[in-house]
Structures are given as structure tokens and as C-alpha cells.
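If you count by my numbering, then the sequence shown holds residues 18 to 178, one letter each, in order. Some notes on the structure that comes next.
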Amino acid sequence: MLRDVSDAAGGSALSSGPVGDTVEDAQLASSLRIAVMRLARRLRAERSDGTLGLSQLSALSTLERHGPLSPTALAELERIQPPSMTRVIAALEERRLVGREPHPSDRRQAVIAISDAGRQIVLEDRRRRQAWLARSLDDLAADERALLEAALPVLERLSEV
Numbered sequence: 018m019l020r021d022v023s024d025a026a027g028g029s030a031l032s033s034g035p036v037g038d039t040v041e042d043a044q045l046a047s048s049l050r051i052a053v054m055r056l057a058r059r060l061r062a063e064r065s066d067g068t069l070g071l072s073q074l075s076a077l078s079t080l081e082r083h084g085p086l087s088p089t090a091l092a093e094l095e096r097i098q099p100p101s102m103t104r105v106i107a108a109l110e111e112r113r114l115v116g117r118e119p120h121p122s123d124r125r126q127a128v129i130a131i132s133d134a135g136r137q138i139v140l141e142d143r144r145r146r147q148a149w150l151a152r153s154l155d156d157l158a159a160d161e162r163a164l165l166e167a168a169l170p171v172l173e174r175l176s177e178v
């Protein structure tokens, strides 16, 4: 059930939460959304290869994490439509960052596997972003770092919804 929740600026938004939702809940959701978007933008700025699109880098990371996948499975994990994934895969193949291998159980299909060059891009990208984040965390007070550590399980749960 959707209901109207007014924000502090006098606007309104639809909420699908329980009847107990408050203006404070809506404000928290808005502030959290903005903070997460800004942090994600800042982390993206640390990319190691600016020539790859975000969808391409994300697909490489998924292949590095999960191993070879069918194009359909990769599209599902990336939450994009198969035709879009076809374009992502083609661009990655052109740069030799991924390759096609025979499907282990169905020879009519192929799976997409990350190449050594693709793996190196993912690992360098991960290293650069983690280094930036570690330096940034060093600038925080101990109590601020403790707050972030305490919030991690909640943030992880939110990301799985």
C-alpha cells in the first residue's frame, strides 16, 4: 500500500512502508540516499581504467568474483537486460578482457570468462579504491570509525533487499 509522506520542504513522496513511517524516516532515507550516492561517486573517481564504462567494469568484477557465467546469468547478476549485456560483453571481448568458453554441460552454449588482462584491471581498480577508502578512514576519529563499523551489518542488509 502506498501512502503520501510529506518532507520537510513541504513536498511529498509516496511511501510503501508500514503505517508508522514518519517524516523523520523519509528524511533519513533521503539523507542516506544522498550520502551513499556521493560516496559511490567519490569511489568511482578512483577507477584505475577510465576507458571502461561502469557496466563493463561491474561485469568484469562479477566474473572475477563468480567465475565463468552464461550471458543470461551475468545479466541477471548485473540486473540489466540481456541485450544490454550483449553490448557490454562485445565491448569487453573487443578489448580481450573476457573470452568465450564452452558451457560445461551444454555444448550449444558458451560461458563468458574473465581474461588475465581483465582480472588485472579489476584487481588494480579494487586496490586503488580500497587504498583511497583506507586513507579516508584514517582521517576519521576513532568514534567515527566505530560508528561505521557498527553500521556495516545494517548497510549490508539494506544492500540485499
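No residue lacks a Cβ here, since even glycine has one placed at the ideal position from N, Cα and C. Bear in mind the structure is a predicted one, so any value in this text is a computation, not a measurement.
Checklist entry - Looking at C-beta atoms only, is the number of pairs between the segment 121-128 and the segment 84-92 that lie closer than 8 Å three or more? => result Yes: the two stretches touch, three or more of their Cβ pairs being nearer than 8 Å.
Checklist entry - Looking only at its own chain, which residues have a Cβ that is under 8 Å from the Cβ of L80, when we skip the five neighbours before and after it? => result One-based indexing of the sequence shown puts residue 80 at position 63. L86, L91, V115, I129, A130, I131 and G135.
Checklist entry - Quick one, which of L150, R174, V139 and R145 has its alpha-carbon nearest G7's? => result The question about residue 7 has no answer, for the chain in this structure spans 18 to 178.
Checklist entry - Among A168, E118, D156 and A76, which one has its Cα closest to the Cα of S101? => result As a first step, residue 101 is located in the sequence shown; it is residue number 84 there, counting from the start. It is A76 whose Cα lies nearest to the Cα of S101.
Checklist entry - With respect to the beta strand (DSSP E) encompassing A127, which residues constitute its N-terminal and C-terminal limits? => result What you label residue 127 is simply residue 110 of the sequence shown in a count that begins at 1. Per DSSP, A127 belongs to the beta strand (DSSP E) from A127 to I131.
Checklist entry - Applying the criterion that 16 or more other CB atoms from any shown protein chain within 10 Å of the CB defines a buried residue, is D142 buried or exposed? => result Along the sequence shown, read from residue 1 onward, the residue named residue 142 stands at position 125. Note on D142: 16 or more other CB atoms within 10 angstroms of its CB, so buried under the neighbour-count rule.
Next on the checklist: Give me, in chain order, the residues of the same chain whose beta-carbon lies closer than 8 Å to that of L56; leave out the 5 immediate sequence neighbours on both sides.
Outcome noted: Your numbering for residue 56 matches position 39 in the sequence shown. Shown here for L56: not one same chain residue has a beta carbon closer than 8 Å to its own, the five before and five after excluded.
Item to check | Enclosing beta strand (DSSP E) for E118 [first to last residue] | outcome: As a working mapping, residue 118 is identified with position 101 in the sequence shown. Segment V115 to P119, the beta strand (DSSP E) holding E118.
Checklist entry - How should I106 be labelled, buried or exposed, when 16 other C-beta atoms within 10 angstroms of its C-beta is the threshold for buried? => result Against the sequence shown, residue 106 aligns to sequence position 89. I106 should be labelled buried.
Checklist entry - Which runs of the alpha helix (DSSP H), 4 residues or longer, sit entirely within the segment 51-106? => result Those alpha helix (DSSP H) runs which fall completely within the segment 51-106 and span 4+ residues are 71-83 and 88-95.
Item to check | Check whether R162 and L60 have beta carbons under 8 Å apart | outcome: Along the sequence shown, one-based indexing puts residue 162 at 145. Along the sequence shown, one-based indexing puts residue 60 at 43. Cβ distance not < 8 Å, so R162 and L60 don't count as in contact.
Checklist entry - Does the distance from the CB of H83 to the CB of L94 come in under 8 Å? => result Position 66 of the sequence shown, counted from the start, is the residue given in the question as residue 83. Position 77 of the sequence shown, counted from the start, is the residue given in the question as residue 94. Going by C-beta atoms, H83 is nearer than 8 Å to L94.
Checklist entry - Would you report the Cα separation of L154 and E173, rounded to the nearest angstrom? => result Within the sequence shown, residue 154 is the residue found at index 137, counting from 1. Within the sequence shown, residue 173 is the residue found at index 156, counting from 1. Between L154 and E173, the C-alpha separation is close to 18 Å.
Checklist entry - Candidates P119, L175, S72 and R104: which alpha carbon is nearest R96's? => result Residue numbering aside, residue 96 sits at position 79 when the sequence shown is read from its first letter. If we check each option's Cα against that of R96, S72 comes out closest.
Checklist entry - Pick from P119, T68 and H120: whose alpha carbon is nearest that of A108? => result Residue numbering aside, residue 108 sits at position 91 when the sequence shown is read from its first letter. Measuring from the Cα of A108, the nearest candidate turns out to be T68.
Next on the checklist: Suppose the cutoff is 6 Å on Cβ atoms and the five residues either side in sequence are ignored; what does the same chain contact list for D66 look like?
Outcome noted: Taking the first residue of the sequence shown as 1, we reach residue 66 at position 49. Contacts found: I138.
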